[in-house]
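So the sequences go chain by chain: A and B. Counting in my numbering, the first sequence runs from 58 upward without gaps. Counting in my numbering, the second sequence runs from 7 upward without gaps. Just so it is clear, CB atoms sit at the ideal spot from N, CA and C, and this is done for glycine as well. So the structure is just underneath, and the comments pick up after that.
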Amino acid sequence: MALIELKGISKIYRLGSEDVVALDNINLSIEKGEFVSIIGPSGSGKSTLMHILGCLESPTRGDYYLEGVNIRDFSDSQLAYIRNKKIGFVFQNYNLLPQFNVLNNVALPLIYSGYDRKTRERMALSALESANLTNRHRHRPSELSGGERQRVAIARALVNQPSLILADEPTGNLDQRVGREIISLFARLNRENGVTIVLVTHDLNVAHSARRIVRILDGSIIEDRENRGEST
Amino acid sequence: MNLLELFKTALQSSLLNKWRTFLTTLGIVIGVYSVVILVSLGEGARVYFAELFSGMGSNLLIVLPGKKDTKGGAPHPMINTVRKLSISDMEFLKKRGRTFEAVNGLIMGGGNVKYSNRQRDLMIIGTNETFSYIHNMPVESGQFISSEDITSRKKVVVIGHTVLKELFQNENPLGKQLSVAGGRFTVIGVMQSKGQSLGIDLDDMVYIPLTVAMDIFNQEGLTRITVKSSSASNVDATIEEITDLLKKAHGGNEDFTIISQKDMLSTFDKIAATMQLVILGIASISLLVGGIGIMNIMLVTVKEKTREIGIRIAVGARRIDILIQFLIESVTISLIGGIVGLLLGVITILIFNSLVPDFKVQFTPWIFMLSFGFSVGVGIIFGVFPARRAANMNPIDALRYE
């Protein structure tokens with residue numbers, strides 16, 4: 058059973074009287090433990106695809122099976138549960154809460170899973186360890202470097218041990234060296250912890266660290282291939 | 007997340023903008039403050055009057071000379087002075103009354119009282135033997151004026167506690183000779199201490215037989231006649247009976263006024279009801295203004311936290327979680343205002359009570375509940391709209407918001 062199975066997914070936005078097709082009949086299957094890059098120019102529909110994969114948005118047509126379950130008719134609360142337990146997001150601009158310290162930022166998803174404070178802290182500490190950020194727990198995000206902030210965001214994505222991590226241009230705001238570190242962190246998490254990673258990027262170098270590359274253009278998948286050997 | 011943690015987070019969030027929170031809550035502070043003050047004042051007045059009336063004795067009717075509410079029509083041309091209430095009126099009531107158990111006549115006047123070289127100007131009350139019973143004012147030592155003292159016009163006097171203290175300096179006064187308005191009187195009793203009522207020291211008085219007092223003051227009319235009805239349910243019947251009897255005695259004229267404690271209480275209740283309306287007006291206006299302030303600031307907060315809302319939804323917050331988060335925040339702001347208002351009110355009352363010892367403003371437990379309820383209510387009512395706006399946000403737009 059595939060972790061993710063998209064069947065005939067389309068997303069059409071209505072802009073005034075015009076219909077804009079963001080995604081057109083996407084079929085995609087991602088197995089558990091894969092590391093997939095989705096690559097395409099801006100406006101190609103890759104962000105929309107990621108939002109649909111992350112249950113932030115529902116498709117206009119088509120079926121989305123997550124761990125074999127069709128989530129098309131899921132309620133708001135059920136989708137929130139999936140985002141909370143099954144999916145971890147990593148964004149280009151980190152999206153940390155400025156008023157919270159590192160530990161509380163990482164523990165944020167756990168609040169909605171109903172864990173008590175002690176458990177949340179313990180889980181957050183262990184997630185921070187996986188993300189290679191073992192000090193600075195009490196710092197605010199504004200006191201950290203870009204690379205450190207992205208590690209906090211990755212720890213937050215990991216904290217509930219999700220089946221899937223969705224990373225949207227995670228290196229977009231980082232310089233090359235730090236970006237490479239972040240990408241190798243993803244690779245290590247995928248290799249050692251078996252976390253499934255879907256990485257959306259327009260940067261070919263970044264895309265090539267994945268083992269599978271899906272190329273998208275004008276809302277359609279135009280290439281889907283294994284990536285052997287080539288690296289950054 | 008449990009409620010306590012939500013409150014803690016909301017509190018931290020409101021403390022990030024101390025001034026903003028303070029200014030926002032000002033309306034609530036003023037609203038709750040005025041409610042606390044006015045309700046406590048009203049409650050204090052109620053308790054004060056209730057104590058006053060119960061101190062007077064129960065089921066009492068006071069008959070005063072002269073008609074107070076003349077309902078139209080000119081006075082009788084022959085009667086151009088008010089007919090006085092006389093001792094014979096009193097005796098007539100006593101003889102014929104069936105619905106009441108005691109009748110008391112009373113005459114008051116100022117006068118000088120002297121013992122050895124100490125003297126004092128005070129209130130002299132001429133009355134008969136029923137006074138002590140009717141007004142629930144027993145003697146502490148000795149005895150009260152008896153009916154025999156009245157008929158034989160004995161020069162005896164019963165003194166109040168202040169008189170005992172000031173003139174006799176707590177030596178035993180019984181049997182001593184006291185000069186009252188120039189005459190020599192024998193002290194036969196001391197009243198129990200009653201304290202102050204409506205600013206009058208009830209202990210700074212002396213009581214002498216009614217007949218003797220009328221001679222001293224050279225008066226034919228009584229200041230008032232007090233009638234004690236046999237039971238609370240009989241009060242209305244007693245009013246009717248007194249009216250009938252006195253009209254008979256006065257040749258058909260209703261030239262007197264009967265006041266019941268119920269009348270006095272209902273007058274007070276009318277004042278209290280008016281006051282309550284004023285309270286309600288002030289409170290609702292300031293709470294409305296406060297509520298609008300909270301709504302306004304919550305809309306700003308929701309806008310500022312747009313991205314936070316997006317993040318929370320992305321990591322698994324349900325819409326209801328977002329709704330509750332912002333509702334709790336508005337309730338917290340409102341509650342801060344309520345607590346500040348309540349504290350200011352309590353402090354004001356404590357200061358007032360220490361400055362004016364006679365009149366105690368009352369704390370009632372429900373004033374705390376009331377201010378709590380008001381603030382939470384305002385927080386919820388005016389927080390729903392901003393909170394719904396937050397909960398219904400599109401997470402993708404929210405995450406992109408700069």
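Query raised in the report: Is the CB-CB distance between residue 49/B and residue 236/B below 7 Å?
Result: Going by C-beta atoms, residue 49/B is not nearer than 7 Å to residue 236/B.
Report task. Identify whether residue 320/B lies in helix, strand or coil by the three-state DSSP scheme. Result -> helix
**Report entry** Coil, strand or helix - residue 148/B by DSSP
**Finding:** Residue 148/B carries a strand assignment under DSSP once its states are collapsed to helix, strand and coil.
Query raised in the report: From what residue to what residue does the beta strand (DSSP E) around residue 407/B run?
Result: Neither: residue 407/B is in no beta strand (DSSP E) and is coded neither H nor E.
Query raised in the report: Candidates 318/B, 365/B, 401/B, 340/B: which alpha carbon is nearest residue 379/B's?
Result: Taking residue 379/B as reference, the option from 318/B, 365/B, 401/B, 340/B with the minimal CA-CA separation is 340/B.
Query raised in the report: Between residue 208/A and residue 159/A, is the Cβ-Cβ spacing less than 7 Å?
Result: no
Query raised in the report: In terms of alpha-carbon separation, which member of 197/A, 106/A, 218/A, 267/A lies closest to residue 321/B?
Result: Nearest neighbour of residue 321/B by Cα position, chosen from 197/A, 106/A, 218/A, 267/A, turns out to be 218/A.
Report task. Verify the CB distance criterion: does residue 267/A have a CB-CB separation below 7 Å to chain B? Result -> no
Query raised in the report: Can you list the beta strand (DSSP E) stretches of 3 or more residues lying completely in the stretch 177 to 231 of chain A, in chain order?
Result: Taken in chain order, the complete beta strand (DSSP E) segments of 3 or more residues contained in the stretch 177 to 231 of chain A are 221 to 225.
**Report entry** Span of the alpha helix (DSSP H) around residue 280/B
**Finding:** Note, residue 280/B: alpha helix (DSSP H), 267 to 310.
Query raised in the report: Would DSSP call residue 369/B helix, strand or coil?
Result: Secondary structure at residue 369/B: coil, using DSSP grouped into helix, strand and coil.
Query raised in the report: According to the Cβ coordinates, are residue 66/A and residue 83/A closer than 7 Å?
Result: yes
Requested in this report: Have a look at residue 14/B and residue 291/B and give me their C-alpha separation to the nearest angstrom.
Outcome: So the two alpha carbons sit approximately 30 Å from each other.
Query raised in the report: When the Cα atoms are used, what is the spatial distance from residue 376/B to residue 398/B?
Result: Between the C-alpha atoms of residue 376/B and residue 398/B there is a straight-line separation of about 32 Å.
Query - Separation of residue 238/A from residue 100/A, as counted between CA atoms - result: If you draw a straight line from the Cα of residue 100/A to the Cα of residue 238/A, it comes to about 27 Å.
Query raised in the report: Over what stretch of residues does the beta strand (DSSP E) that includes residue 71/B continue unbroken?
Result: 66 to 71 is the extent of the beta strand (DSSP E) around residue 71/B.
Requested in this report: Might you give, ordered along the chain, the residues of its own chain that have their beta carbon closer than 8 Å to the beta carbon of residue 154/B, omitting 5 neighbours on each side?
Outcome: For residue 154/B, where only same-chain residues beyond five positions count, the Cβ hits under 8 Å are 160.
**Report entry** Beta-carbon proximity of residue 90/B to residue 227/B, cut-off 7 Å
**Finding:** Contact check for residue 90/B against residue 227/B passes: the beta carbons are separated by less than 7 Å.
Report task. Please decide whether residue 339/B counts as near chain A, where near means a Cβ-Cβ distance under 7 Å. Result -> no
Query raised in the report: Based on Cα-Cα distance, which residue from 166/B, 93/B, 372/B lies nearest to residue 119/B?
Result: 166/B
Query raised in the report: Straight-line CA distance for residue 115/A to residue 77/A?
Result: Between residue 115/A and residue 77/A, the C-alpha separation is close to 16 Å.
Requested in this report: Could you please give me the residues that DSSP links to residue 255/B through a beta bridge?
Outcome: According to DSSP, which records beta bridges pairwise, residue 255/B is partnered with nothing at all.
Query raised in the report: Given a limit of 8 Å on CB to CB distance, which residues of the stretch 300 to 324 of chain B reach chain A?
Result: Against chain A - using a Cβ distance shorter than 8 Å - the residues of the stretch 300 to 324 of chain B are 313, 314, 316, 317, 318, 319, 320, 321, 322, 323, 324.
Query - Helix, strand or coil at residue 138/A [DSSP, three-state] - result: helix
Query raised in the report: Looking only at C-alpha atoms, which of 224/B, 93/B, 251/B sits nearest to residue 103/B?
Result: Comparing Cα-Cα distances from residue 103/B to each of 224/B, 93/B, 251/B, the minimum goes to 251/B.
Query - Enclosing alpha helix (DSSP H) for residue 248/A [first to last residue] - result: 233 to 250
Report task. Take the Cβ of residue 362/B as the centre, count every other Cβ of all protein chains shown within 10 Å, and call the residue buried at 16 or more, exposed below. Result -> exposed
Query raised in the report: Exposed or buried, what is residue 289/B when buried is set at 16 or more other beta-carbons lying within 10 Å of its beta-carbon?
Result: buried
Query raised in the report: Can residue 222/A and residue 145/A be called in contact, C-beta distance under 7 Å?
Result: At the C-beta level, residue 222/A and residue 145/A come within 7 Å of one another.
Report task. Please report how far the alpha carbon of residue 70/B lies from the alpha carbon of residue 343/B, in whole angstroms. Result -> 52 Å
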